[in-house]
Structure formats: structure tokens, C-alpha cells
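*Asks:*
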């Protein structure tokens with residue numbers, strides 16, 4: 001059913017796609033995040049043509065930003081399947097696995113240095129996305145394609161329409177379009193729900209020179225400070241900036257009461273929730289150059305669906321979860337790789353491929369979603385600091401809800 005292609009040189013520069021009124025793609029992947037790109041790459045490695053439809057206008061349309069810890073059991077496994085693991089090791093952030101745990105008074109309760117032995121190396125999300133993009137044939141990604149609708153056709157195919165008026169039909173539709181997926185309704189009525197946690201993200205640029213106190217506090221890797229059902233989490237980016245996540249339990253509408261166009265007022269509103277905390281910790285908000293709000297949503301733990309011919313989901317579209325186990329990007333990449341491998345292993349039998357893929361997907365994602373939900377309660381519940389100290393004392397060196405990073409829950413459907 002699916003066209004095969006000879007190996008071609010990797011794509012080295014992005015190309016914009018000129019919209020046509022109607023076209024057909026044997027495999028249409030909606031969403032050019034890490035999961036969708038991994039699926040396209042592993043399909044390509046196995047000689048199967050696909051097209052990725054991405055709403056962003058170009059690879060540089062927005063900052064991808066944020067550090068990810070890529071786990072040996074899933075994210076790195078996917079990179080091996082993609083033939084990119086050696087290249088991945090070249091973009092790892094040396095020192096990024098360092099971690100510190102502090103209390104609200106600034107006391108350091110635990111500190112671990114990155115000695116290179118951990119199994120969760122840190123990488124810049126944008127660098128990883130570029131690695132995947134540059135491994136695809138020219139024209140695989142169709143930029144500026146925002147979905148307005150998707151529907152099943154009588155002949156077993158699916159049709160996707162875009163805001164530019166173009167239409168694509170496909171034999172296999174893959175929803176890799178994130179939290180607010182436009183493809184998900186084809187298989188499930190489930191919708192993301194607010195977890196009770198709101199983030200306010202800030203950046204401190206050129207930290208070593210402009211914000212030396214903050215740089216010294218955060219260190220070379222990841223930093224967690226917890227107490228009173230709130231926290232400040234931060235990591236050092238590869239460009240020397242600090243990316244900070246101020247997290248707290250709040251009503252779903254609280255962020256709407258803050259004017260984030262007025263940075264001074266927004267900072268004041270956030271800091272009012274951290275009265276009595278150490279001045280150095282508060283400075284991670286007060287001295288920041290940027291400030292942006294984000295609510296944390298999740299699909300129900302154990303989300304699954306009955307087999308629907310010709311369509312499936314991966315990544316956040318399938319199993320959106322809170323970021324507090326660090327599994328979101330890793331699972332998305334593994335989903336993409338395993339879906340592609342299942343398609344390659346069942347030539348001409350899409351339904352067998354999708355059944356095999358989903359049989360492994362559902363229990364895997366349920367376990368990770370449960371872990372993420374439990375980590376949320378640990379980090380933002382009673383005795384959070386004490387419980388985290390106990391967790392680290394009992395856990396393997398590379399296991400950590402704090403190593404979580406914070407997954408991309410971008411709110412716009414692709």
C-alpha cells in the first residue's frame with residue numbers, strides 16, 4: 001500500500017511547500033514535533049514514504065527551547081531505530097545531568113554532579129528537532145499547514161483539510177499533533193483536563209555575566225526547590241541562559257487574572273505567591289527578561305480507544321500527561337519509532353500494523369501517565385520537600401521526577 005523510496009541524501013535546509021488544492025499522501029503525519037519527525041525518519045530508513053504536515057511556517061517560526069533528558073529505555077531506543085544515536089551524542093549538554101534540590105529558605109538538601117555515567121543525557125529540544133529535520137528528505141515536512149478538520153472517507157482513507165484551503169487524502173493518518181489534537185476526535189472523545197498546576201516560565205539570559213547569583217544557585221544542570229504546594233524548577237540551557245518554571249497549585253482561571261503583557265505587574269503577581277522564600281530564589285522571577293504563563297493539562301490516565309481503521313495517534317495526542325516524570329518527549333519518540341517499525345513489519349496490512357502498535361502503546365503510556373500523576377502529587381502535595389529527599393535516597397541515580405524537565409504542552413492544535 002505504501003510507496004517505497006530509495007535512500008536519498010539527508011535534507012540540509014528547510015523548504016517551504018506551496019499549497020495545492022488536493023493531494024494524496026500514503027502516510028500523512030499531522031504534527032512536526034519530535035514524535036512525528038521520529039516516525040517519518042524511521043519510515044524513511046525502512047524505505048517508506050511519508051509526509052509531515054506542520055502548522056508552523058518554518059523551522060525557525062518559534063523558539064523550541066527547553067532541555068530534555070533523553071532516556072535509554074525509550075528516547076534513545078527511538079534514536080537507535082532512526083540511525084541517529086551517534087549524532088545525538090554529539091549534541092548532548094555536558095554537565096546537564098547535574099541536579100540540586102533546595103528548600104524555600106535556599107538550603108541545599110541534595111546535590112549530584114554529572115559524572116557522565118547517567119543514562120539520561122540532557123539535550124536542547126531545538127537541537128534534537130534539528131537533528132531529526134535534517135535527517136529527512138527534502139520536502140518531507142510541509143510547513144504552514146494548520147488543520148481545520150479530518151474525516152473518514154467511504155473507501156477507508158481519510159481526508160484532512162487545512163486553513164489554506166488545501167486537502168490531503170491518506171491511507172494512514174497519524175495524529176502527532178499534540179495536546180489539542182485535531183485528529184484525536186476520530187478515535188476518542190477524551191479531552192485534556194487541567195491538572196491543578198499552573199506554570200509561569202521565565203528566562204534569565206547570559207546568566208553567568210548578567211545573573212551570576214542565579215547561575216550559581218541553579219548550577220550546571222537541573223534545579224528543584226519545593227515547599228507549600230509550589231515550587232521553582234530551573235535548568236541551564238546550552239546557550240548559558242537559565243530557563244525557570246515557577247509552579248503552583250492554582251485555580252484554572254488564576255493565570256487569566258494576571259496581565260502578562262505588563263512584565264513588572266506579572267512578576268509581582270507571581271512573587272506574591274512566594275512570600276517568605278529566599279531572595280535568591282525570588283530573583284529567578286524578579287530579574288528575568290521574559291515571562292510566560294502555561295497551564296498543565298493531562299488526558300485521563302489509561303486513555304485508549306477501539307481500533308479505528310486507517311488512523312492512530314502518538315505522543316501527547318495519544319497520552320498527554322503532566323511533565324513530572326520526564327516521559328512526554330521520550331514516549332513520543334518511542335511511539336513514532338515503534339509505529340514506523342510496525343508499518344514496515346506488516347507490508348500491505350495497515351490494520352495489523354496499527355493493532356500491534358497500539359497493543360504496546362496503551363499499557364506503556366498508562367504506566368508513564370500514572371507515574372507522572374504520582375510525581376505531581378509528590379512534588380506539590382504535603383511534605384513535598386521531605387518526600388523528594390526520601391525519593392532520591394531510595395531511587396536509582398538516574399531516576400527522578402525532578403529530572404522531568406517540562407514537556408511541551410503547546411496549546412494550539414496542528
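Residue numbers (full-length UniProt numbering): 1 to 414. Quick reminder that beta carbons are idealized off the backbone N, C-alpha and C, glycines included.
Work out the CA separation of residue 25 and residue 273 for me, nearest whole Å.
*Replies:* 51 Å
*Asks:* Identify which residue in 291, 140, 126 and 213 has its Cα closest to the Cα of residue 92.
*Replies:* 126
*Asks:* Rounding to the nearest angstrom, what Cα-Cα distance links residue 217 and residue 205 in this structure?
*Replies:* 15 Å
*Asks:* Contact check, residue 167 vs residue 22 under 8 Å by CB: the rounded distance?
*Replies:* 5 Å
*Asks:* Compare the Cα-Cα distances from residue 303 to each of 86, 214, 49 and 314 and report the closest residue.
*Replies:* 314
*Asks:* In chain order, what residues of the same chain have a beta carbon less than 6 Å from the beta carbon of residue 327, not counting five sequence neighbours either side?
*Replies:* 368
*Asks:* What are the boundary residues of the alpha helix (DSSP H) that includes residue 319?
*Replies:* 316–319
*Asks:* Only counting the same chain, and skipping five residues up and downstream in sequence, which positions put a Cβ closer than 6 Å to that of residue 79?
*Replies:* Only residues of its own chain outside the window of five on either side were considered, and among them 85 and 88 have a CB closer than 6 Å to the CB of residue 79, listed in chain order.
*Asks:* Bridge partners for residue 110 per DSSP, in chain order?
*Replies:* 101
*Asks:* Out of curiosity, what's the CA-to-CA distance linking residue 411 and residue 31?
*Replies:* Because the pLDDT at residue 411 is just 39, under 50, the model does not fix this residue reliably, and the point stays unresolved.
*Asks:* Among all the DSSP beta bridges, which residues are the ones paired with residue 311?
*Replies:* 173
*Asks:* Going by DSSP in three states, residue 89 sits in which element: helix, strand or coil?
*Replies:* Residue 89 carries a helical assignment under DSSP once its states are collapsed to helix, strand and coil.
*Asks:* Return the CA-CA distance between residue 285 and residue 137, expressed in angstroms with no decimal places.
*Replies:* 42 Å
*Asks:* Reducing DSSP to helix, strand and coil, say where residue 141 ends up.
*Replies:* strand
*Asks:* Considering only DSSP beta bridges, list what residue 236 is partnered with.
*Replies:* Residue 236 pairs with 242.
*Asks:* Leaving out five residues before and five after residue 77 in sequence, what residues of the same chain have Cβ atoms less than 8 Å from its Cβ?
*Replies:* 334 and 337
*Asks:* Near residue 103, which residues of its chain fall below 8 Å by C-beta distance, leaving aside the five closest residues on each side in sequence?
*Replies:* Once the five neighbours on either side are set aside, the close Cβ partners of residue 103 are 109, 225, 226, 227 and 385.
*Asks:* With burial defined as no fewer than 16 other Cβ atoms inside 10 Å of the residue's Cβ, what is the status of residue 61: buried or exposed?
*Replies:* That one is exposed.
*Asks:* Only counting the same chain, and skipping five residues up and downstream in sequence, which positions put a Cβ closer than 7 Å to that of residue 8?
*Replies:* Residue confidence is low: residue 8 scores 37 on pLDDT, short of 50, so the model does not pin down where it sits. Its coordinate-derived value is still stated next. Cβ neighbours of residue 8 beyond the five flanking positions: 137.
*Asks:* Taking a contact to mean a Cβ-Cβ separation below 8 Å, would you say residue 232 touches residue 209 in this structure?
*Replies:* no
*Asks:* Exposed or buried, residue 56, counting other C-beta atoms within 10 Å across all chains shown (16 or more means buried)?
*Replies:* buried
*Asks:* Below 8 Å on the Cβ atoms is my contact criterion, and I expect residue 29 with residue 179 to pass it. Report the Cβ-Cβ distance as a whole number of Å.
*Replies:* Incorrect: roughly 17 Å between the Cβ atoms, too far for contact.
*Asks:* How close, in whole Å, do the beta carbons of residue 172 and residue 310 come, if the pair is a contact with beta carbons under 8 Å?
*Replies:* 6 Å
*Asks:* Work out the CA separation of residue 152 and residue 158 for me, nearest whole Å.
*Replies:* If you take the alpha carbons of residue 158 and residue 152, they lie about 4 Å apart.
*Asks:* Hey, is residue 358's beta-carbon within less than 8 Å of any beta-carbon in chain B?
*Replies:* Reference to chain B is not applicable here, since this structure consists of a single protein chain.
*Asks:* Please work out which residues of its chain come closer than 6 Å, Cβ to Cβ, to residue 316, disregarding the five sequence neighbours upstream and downstream, and give them in chain order.
*Replies:* 178 and 179
*Asks:* For residue 293, write down the residues that DSSP places opposite it in a beta bridge.
*Replies:* 200
*Asks:* Of all the alpha helix (DSSP H) runs that stay within the bounds of the segment 16–77, which reach a length of 4 or more residues?
*Replies:* 34–45
*Asks:* Check whether the Cβ atoms of residue 458 and residue 39 lie closer than 8 Å to each other.
*Replies:* Missing from the structure shown is residue 458; the chain here goes from 1 to 414 and no further.
*Asks:* Nearest by alpha-carbon distance to residue 99: which of 74, 69, 366 and 105 is it?
*Replies:* 69
*Asks:* DSSP state of residue 5, grouped into three classes?
*Replies:* Bear in mind that the predicted position of residue 5 carries a pLDDT of just 38, short of 50, making it too unreliable to give a figure here.
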